[in-house]
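The listed protein sequences derive, respectively, from chains A and B.
So for the first sequence, the working numbering puts the first residue at 163; every next one is plus one.
So for the second sequence, the working numbering puts the first residue at 995; every next one is plus one.
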Amino acid sequence: ETGVTQTPRHLVMGMTNKKSLKCEQHLGHNAMYWYKQSAKKPLELMFVYSLEERVENNSVPSRFSPECPNSSHLFLHLHTLQPEDSALYLCASSQDRSGPHYEQYFGPGTRLTVT
Amino acid sequence: AQSVAQPEDQVNVAEGNPLTVKCTYSVSGNPYLFWYVQYPNRGLQFLLKYITGDNLVKGSYGFEAEFNKSQTSFHLKKPSALVSDSALYFCAVRVLSGNTPLVFGKGTRLSVIA
């Protein structure tokens, strides 16, 4: 699969578990994003990384912890989640964060269920 | 603050008929407008964008959108709908000033009926 890949595609975890979501982009982009998609709500931007530096954190609870070891990889570490955190988590990348005309390319998402 | 409204949660259209998915926006400054499509169990796919110039923008899969500054709208259109066009469609807006994020609408579910 080319473009933006995400693993795992589905994840079920208990509230006391620790898990990680992985995203990889094969497009040579400099910016990467985590979004949360819940039913009947707009996409919620969680984190933005530009050249491996976190540049945005939209008041996301600390139980979500991002990591960007290089410009091609992005992780979202999860611990002690709540049932309301169940959602589709989407990773995206774009050529540059500051260029408003650059479209974002999305991965297929990880469907997370917290039990 | 910038915002996007998609006034219809659901649009139903017969196969072969023209389709329109509505989007209006509110920004301070010049907008950059985007349409994305999401098929079941997939991420969002970029369809088209308006940056500047011609108000009619053509994109993937035969879709087009018309930028109307006076009505602050960017409606998505297709002359002849296909059953395979059935999906969730998102409008999004961004402005040039500062490092503002891409703001998405809530999405419109399009159902094309054979």
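We put the CB at the ideal spot given by N, CA and C, even for glycine.
Here MET175(A) is bridged, per DSSP, to VAL276(A). Neighbourhood of LYS184(A) in chain B, by CB distance below 9 angstroms: empty, with the nearest CB roughly 14 angstroms away. Residues of the region 259-272 of chain A whose Cβ lies closer than 8 angstroms to any Cβ of chain B, in chain order: ARG259, SER260, PRO262, HIS263, GLU265, GLN266, TYR267, PHE268, GLY269, PRO270 and GLY271.
Close to PRO204(A), with beta-carbon spacing below 7 angstroms, are these residues of chain B in chain order: PHE1098, GLY1099 and LYS1100.
For SER224(A), the closest of PHE209(A), SER200(A), PRO270(A) and HIS235(A) by C-alpha to C-alpha distance is PHE209(A). For LEU252(A), the chain B residues whose Cβ falls inside 9 angstroms of its Cβ are GLY1037 and LEU1038, in order along the chain. Beta-bridge partners of GLN1039(B) (DSSP): VAL1031(B). Within the region 207-236 of chain A, those residues whose Cβ lies closer than 9 angstroms to any Cβ of chain B are, in chain order, LEU207, VAL210, SER212, VAL217, GLU218 and ASN220. In terms of beta-carbon proximity, TYR1083(B) stays away from the interface with chain A, with every pair separated by 9 angstroms or more. Counting only residues of its own chain and dropping the five nearest sequence neighbours on each side, GLY165(A) has a CB closer than 8 angstroms to the CB of GLN187, HIS188, LEU189, TYR267 and GLY269. Proximity of the region 195-202 of chain A to the region 248-259 of chain A meets the contact definition, three or more beta-carbon pairs being nearer than 8 angstroms. At a cut-off of 9 angstroms between beta-carbon atoms, ASP1003(B) makes contact with chain A. Inclusion of VAL1015(B) and HIS1069(B) in the CB contact set at 9 angstroms is warranted, their separation being smaller than that value. Here PRO1025(B) has TYR1019, VAL1087 and VAL1089 as same chain residues with Cβ atoms under 7 angstroms from its own Cβ, once five neighbours each way along the sequence are excluded.
Under the DSSP definition of a beta bridge, THR1102(B) partners with TYR1083(B).
About 23 angstroms separates the Cβ atoms of GLU206(A) and SER233(A), ruling out a contact at the 8 angstroms cut-off. Under the Cβ distance rule, VAL166(A) counts among the residues neighbouring chain B, one pair being separated by less than 9 angstroms. Non-local beta-carbon contacts of ASP1079(B) in its own chain, meaning distances under 8 angstroms to residues more than five positions away in sequence, involve LEU1013, TYR1055, LYS1072, LEU1104 and VAL1106 in chain order. For VAL1089(B), the C-beta contacts it makes with chain A under 9 angstroms involve PRO262, in order along the chain.
By the CB criterion at 9 angstroms, LYS1063(B) and GLY1053(B) fall outside the cutoff. For the pair PHE1061(B) and TRP1029(B), the Cα-to-Cα distance works out to about 12 angstroms.
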